[in-house]
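Heads up: the sequence shown begins at 1 in the working numbering, then just goes up one per residue.
Even for Gly, the Cβ is constructed at its ideal location relative to N, Cα and C.
Comments concern the structure below.
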Amino acid sequence: MSVARSDRGFTLVEVMMAVAILSFGVVMLYSAFFVCIDAVTYASNRLNAQMWAQNKFWEERESLLRNSAVSRDGLYGSVSFNGRDFEWQESAQSVDDGLMQLGLALSWKEAAKFRKLAYSAYVAL
Numbered sequence: 001m002s003v004a005r006s007d008r009g010f011t012l013v014e015v016m017m018a019v020a021i022l023s024f025g026v027v028m029l030y031s032a033f034f035v036c037i038d039a040v041t042y043a044s045n046r047l048n049a050q051m052w053a054q055n056k057f058w059e060e061r062e063s064l065l066r067n068s069a070v071s072r073d074g075l076y077g078s079v080s081f082n083g084r085d086f087e088w089q090e091s092a093q094s095v096d097d098g099l100m101q102l103g104l105a106l107s108w109k110e111a112a113k114f115r116k117l118a119y120s121a122y123v124a125l
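Right, here's the structure in full:
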């Protein structure tokens, strides 16, 4: 009894093509997964930076309102969230009598890129 050619199973070429297609799909899934992880990390860092910067901004605003401080530039420092270091710089300049411009910039390095978050507002004294 002879066996028909179509009943013998998969050829080596068919198996290799299936493995290649599956491998390509797995690589694409992994790359999408890592892109998502980077996006979540960036969002987490930005959220932490925004919360800290808003608190610092309002503290400095209240300090200006209490003390009617003169222009000051170059206040800077660093703060750390979840093992990542953030550098901040603050400035306050007199724009007009009774009006000051308050600025706060926060920067950090993430995945070979420098990220920056800046706030600026006018404060009436």
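DSSP bridge partner residues for residue i (one or two, in chain order)
i: G132; result: Here the chain covers residues 1 to 125 and nothing more, so residue 132 does not appear.
i: Q101; result: Q93 and Y122
i: F33; result: None, per the DSSP bridge assignment.
i: L117; result: L106
Reduced DSSP secondary structure (H/G/I, E/B, other) of residue i
i: R61; result: helix
i: G83; result: coil
i: A53; result: helix
Contact under 8 Å by Cβ, residue i with residue j
i: L64; j: A105; result: no
Contact with chain D by residue i, beta-carbon distance below 8 Å
i: F10; result: Among the protein chains of the structure shown there is no chain D, as only one such chain exists.
Nearest-angstrom beta carbon gap, residue j and residue i [assumed within contact, 8 Å]
i: N126; j: E110; result: Because the chain is modelled from 1 through 125, residue 126 falls outside the range shown and cannot be assessed.
Worksheet item: Can you find at least 3 beta carbon pairs, one from the region 83 to 90 and one from the region 19 to 37, that sit closer than 8 Å?
Response: no
Discussion item. Can you confirm whether the region 87 to 103 touches the region 117 to 124 when touching is taken to mean that 3 or more C-beta pairs between the two stretches lie within less than 8 Å?
Written reply: yes
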